[in-house]
Amino acid sequence: MDKRFKWRIQLAAILTAIGSLYYLIFLFYLSGGAPIERIHSKITDGWPDILADNVPLISPAFLVFGLLLWYSYYLKNLPKPQAEPEYKFEFNKVNASEQAGKKIKIQEAEKE
240 MDKRFKWRIQ LAAILTAIGS LYYLIFLFYL SGGAPIERIH SKITDGWPDI
290 LADNVPLISP AFLVFGLLLW YSYYLKNLPK PQAEPEYKFE FNKVNASEQA
340 GKKIKIQEAE KE
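Per the working numbering, the very first residue in the sequence shown carries number 240; after that it's consecutive.
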């Protein structure tokens with residue numbers, strides 16, 4: 240595997256994990272019955288304001304970009320179709336007089 244796809248698969252794993260982590264934590268708190276604003280503030284407590292305010296935009300972007308990298312890795316590693324074998328037909332060129340000569344020899348052999 241070349242270096243370009245090694246970093247691609249590593250970045251895809253990291254971005255997919257980061258993108259889905261917020262949603263997993265969100266669903267965990269939501270299943271406990273906590274209100275949505277409280278869940279968001281609990282998860283993003285201590286985060287920089289720009290990240291905390293834009294989490295609903297950043298997480299899907301990480302997920303989409305991570306999945307795009309996974310898909311490009313998948314396309315790169317698809318099995319390549321087998322090439323059809325080249326068919327080479329070799330026809331023996333037989334001279335008409337040679338064929339006639341062979342027929343005559345066969346007929347003479349049959350007569351004897």
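Think of the CB as a built atom: it goes at the ideal place given N, C-alpha and C, for glycine as much as any other residue. Bear in mind that the values here come from a model prediction, so they are computed numbers and not experimental data.
| query | Where does E323 fall in DSSP's three states? | reply | Walking along the sequence shown from the start, residue 323 turns up at place 84. Coil at E323, not helix or strand.
| CB-CB under 8 angstroms to Q249, same chain, minus the five flanking residues each way: which ones, in chain order? | Numbered from its first residue, the sequence shown carries residue 249 at position 10. None.
| said: Here's the rule I'm using: 16 or more other beta-carbon atoms within 10 Å means buried, otherwise exposed. How should A252 be labelled? | reply: Residue numbering aside, residue 252 sits at position 13 when the sequence shown is read from its first letter. Flag for A252 reads exposed.
| task | Leaving aside the five residues before and after S259 along the sequence, list all residues of the same chain whose C-beta is less than 7 angstroms from its C-beta, in chain order. | result | Locating residue 259 in the sequence shown gives position 20, where the first residue counts as 1. The answer, listed in chain order, is L302.
| query | Counting pairs of Cβ atoms below 8 angstroms between the region 280 to 290 and the region 262 to 271, do you hit three or more? | reply | yes
| message | Just to confirm the assignment: which complete alpha helix (DSSP H) runs, minimum length 4, are found wholly within the region 273 to 305? | response | 275 to 282, 288 to 292
| said: Taking the beta carbon of G237 as the centre, do at least 16 other beta carbons fall within 10 Å, making it buried, or is it exposed? | reply: Since the first residue of the chain shown is 240 and the last is 351, residue 237 is not available in this structure.
| request: Have a look at T255 and L296 and give me their C-alpha separation to the nearest angstrom. | output: By 1-based counting over the sequence shown, the position of residue 255 is 16. By 1-based counting over the sequence shown, the position of residue 296 is 57. Going from the Cα of T255 to the Cα of L296 covers about 14 angstroms.
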